[in-house]
Amino acid sequence: MTSNSTSNTTSSTSGSLILVATPIGNLGDITQRAIETLQSADVICCEDTRHSGNLLSHFGITGKRLIVINEHTEYDAREEIVELVIGGANVALITDAGTPGISDPGERLVTAAIDAGLRVTAVPGPSALTMALVASGLPTSRFVFEGFLPRSGIERSERLAMITTEPRTVVLYEAPHRLAKTLSDLTVACGAIRRVVLARELTKLHEEFWRGTLQDANLHVAKVEPRGEYVLIIEPARPPAPPTDEELLAAIRAEIAKGVSRKDSAARVSARFGVAKRTVYELALRVRDDQ
Ligand code: SAM
45 MTSNSTSNTT
55 SSTSGSLILV
65 ATPIGNLGDI
75 TQRAIETLQS
85 ADVICCEDTR
95 HSGNLLSHFG
105 ITGKRLIVIN
115 EHTEYDAREE
125 IVELVIGGAN
135 VALITDAGTP
145 GISDPGERLV
155 TAAIDAGLRV
165 TAVPGPSALT
175 MALVASGLPT
185 SRFVFEGFLP
195 RSGIERSERL
205 AMITTEPRTV
215 VLYEAPHRLA
225 KTLSDLTVAC
235 GAIRRVVLAR
245 ELTKLHEEFW
255 RGTLQDANLH
265 VAKVEPRGEY
275 VLIIEPARPP
285 APPTDEELLA
295 AIRAEIAKGV
305 SRKDSAARVS
315 ARFGVAKRTV
325 YELALRVRDD
335 Q
């Protein structure tokens, strides 16, 4: 067994921390295991007692002790939750929608529980991230989840710059009132023709997948006011086109004109353009000394 195995827990009588995914809109997406786990949990942590209370009572789960864990309280609540689990409680963590820990509370509780040697597990289920990605029509084999972009400043520009050259599909969450600005910033960063999918109101009555270029997405949101919840899926950056022989020859000539030997010119140009040395050297042999 590895040192991460669940046998490495504080004591065999301690309980578990269980992250339970809940629907992102359509209550029919709750899983059988989610209901059973919430029914048998000793304590349920949630972001909002009214919101989760409605969900629980819909599934006939009543009389549970609820503890509020949101982005502001998660850090401070770690000790209390760890103590409860050490004391034998099975503590379930749910959020307002989807999978805990995905742009939602969860990560810090999980870390604290693992650090305390406790058993941590999850009941998988809905997440806007996976649903939007798999139905987007963009590559799914490699993707990167960026959550919500920072709202402004250098952090936002750095993140946009990373997306510009990102060779994997990028998934973002965005609020409707910030969608137009984000699409406009993405267009400046990635260019007008990069493909994007706007996945809206997933699993709900007005579910919609809008597919097109960034340029057209800007026009679309200018025409139809964004409403509801959105996931943006952005096509990976295309690898830069390899340099043509003419571009390589021009670079070789420029080196030779500086007095650099053919061989060294070929080595420099090969390194700069990422083209095999031999290929560049063969081109360098074509350049006459007087050029
Ligand atoms: N933990 C959640 C999950 O697993 O998807 C995400 C929570 S995050 C606070 C909320 C954001 O997720 C929304 O602003 C939106 O970007 C996205 N989202 C959640 N539900 C959605 C839905 N039904 N359709 C589209 N996007 C949704």
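Using the working numbering, you'd call the opening residue of the sequence shown number 45 and step up by one each time. Beta carbons are placed, not taken as given, at the ideal position from N, Cα and C, and that holds for glycine.
Short Cβ contact (7 Å threshold) for residue i with residue j
i: Arg255; j: Val241; result: yes
i: Pro149; j: Pro220; result: no
i: Asn134; j: Ala78; result: no
i: Ile68; j: Thr184; result: no
i: Arg244; j: Tyr217; result: no
i: Arg186; j: Leu193; result: no
i: Arg152; j: Glu124; result: no
i: Ile88; j: Leu110; result: yes
i: Ala172; j: Leu227; result: no
i: Leu258; j: Leu230; result: yes
i: Gln76; j: Ile105; result: no
As assigned by DSSP and simplified to three states, the class of residue i
i: Arg322; result: helix
i: Ser60; result: strand
i: Phe317; result: helix
i: Arg238; result: coil
i: Ala85; result: coil
i: Leu329; result: coil
i: Val232; result: helix
i: Gly256; result: strand
i: Leu153; result: helix
i: Ile111; result: strand
i: Arg195; result: coil
i: Leu137; result: strand
i: Ala285; result: coil
i: Ala176; result: helix
i: Asn52; result: Confidence at Asn52 is low in this model, with a pLDDT of 46, below 50, so the placement of that residue should be treated as unreliable; the coordinate-derived value is given next. Asn52: helix per DSSP, three-state reduction.
Neighbourhood of residue i by C-beta, 8 Å cutoff - its chain only, sequence neighbours within 5 removed
i: Pro283; result: Pro211
i: Arg316; result: Ala295
i: Val126; result: Ala156, Ala157, Ala160 and Leu162
i: Ser60; result: Val129, Asn134, Val135, Leu162, Arg163, Val164 and Thr165
i: Thr361; result: Any property of residue 361 remains undetermined from this structure, which presents the chain solely from 45 to 335.
i: Ala233; result: Leu204, Ala205, Ile207 and Thr208
Cβ-based neighbour list, residue i, same chain, cut-off 6 Å, excluding 5 preceding and 5 following
i: Ile278; result: Val214 and Val240
i: Pro170; result: Ala65, Pro67, Ile68, Asp73 and Gly142
i: Val319; result: none
i: His352; result: In the structure as shown, the chain starts at 45 and stops at 335, and residue 352 therefore has no counterpart that could be examined.
Selected residue, minimal CA-CA separation from residue i, among the options
i: Ala281; options: Ser171, Ala65, Ala236 and Thr288; result: Ala236
i: Ala266; options: Leu99, Ser314 and Ala224; result: Ala224
i: Pro286; options: Phe253, Val313 and Gly107; result: Val313
i: Thr143; options: Val319, Asn98, Asp73 and Arg332; result: Asp73
i: Ile168; options: Val304, Glu299, Ala310 and Ile62; result: In the sequence on display, residue 168 carries Pro and not Ile. Comparing Cα positions, the closest option is Ile62.
i: Ile146; options: Asp120, Glu115 and Ala121; result: Glu115
i: Glu252; options: Ser305, Arg195 and Ala176; result: Ala176
In DSSP terms, what residue i is bridged to
i: Val215; result: Phe189 and Ile277
i: Gly142; result: Thr66
i: Ala310; result: DSSP, once it has assigned bridges, lists no residue as partnering Ala310.
i: Thr165; result: Ile62
i: Ala78; result: According to DSSP, which records beta bridges pairwise, Ala78 is partnered with nothing at all.
i: Ala243; result: Phe253 and Val275
Same chain, Cβ closer than 7 Å to residue i, neighbours up to 5 away in sequence not counted
i: Leu327; result: Asp289, Leu292, Leu293 and Ile296
i: His102; result: Leu71
i: Ile158; result: Val164
i: Ser309; result: Ile296, Glu299, Ile300 and Ala328
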